[in-house]
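Here's the structure, in structure tokens; my notes come after.
In the working numbering, the protein residues as written are 54 to 142.
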């Protein structure tokens, strides 16, 4: 049963660490804060697929280095390069 709203601990605006967040919710019930939640809607594209492609280990190391140097994920780098290559073909 939910506690009285006036007697519940406030949810901190920020948690300094993930452990602090865990400690709070380990000792508090979400049911006591249900009035603070908002309904959200989002769409999920169930048709979106991920395709896996084998990459030689040495080539993968080079891809990771290039991506890291540009501050992007390896996946993003590969998709950018493939898109560019296909447009030029």
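The beta-carbon is built from N, C-alpha and C at its ideal position, and this holds for glycine as well.
If contacts are defined as beta-carbon pairs under 8 Å, then residue i and residue j qualify, I think. What distance do you get, rounded to the angstrom?
{"i": "residue 86", "j": "residue 71", "result": "With 8 Å as the limit, residue 86 and residue 71 do not qualify as a contact, their Cβ atoms being about 19 Å apart."}
{"i": "residue 131", "j": "residue 116", "result": "6 Å"}
From what residue to what residue does the alpha helix (DSSP H) around residue i run?
{"i": "residue 66", "result": "Note, residue 66: premise wrong, no alpha helix (DSSP H); not H, not E."}
{"i": "residue 102", "result": "First-last for residue 102: undefined, no H or E at that position."}
{"i": "residue 83", "result": "Neither: residue 83 is in no alpha helix (DSSP H) and is coded neither H nor E."}
{"i": "residue 140", "result": "127 to 141"}
Taking residue i as the reference, which of the options has the closest Cα?
{"i": "residue 67", "options": "77, 102, 61", "result": "77"}
Is residue i helix, strand or coil when you go by DSSP?
{"i": "residue 79", "result": "helix"}
{"i": "residue 60", "result": "helix"}
{"i": "residue 73", "result": "helix"}
{"i": "residue 123", "result": "helix"}
{"i": "residue 115", "result": "helix"}
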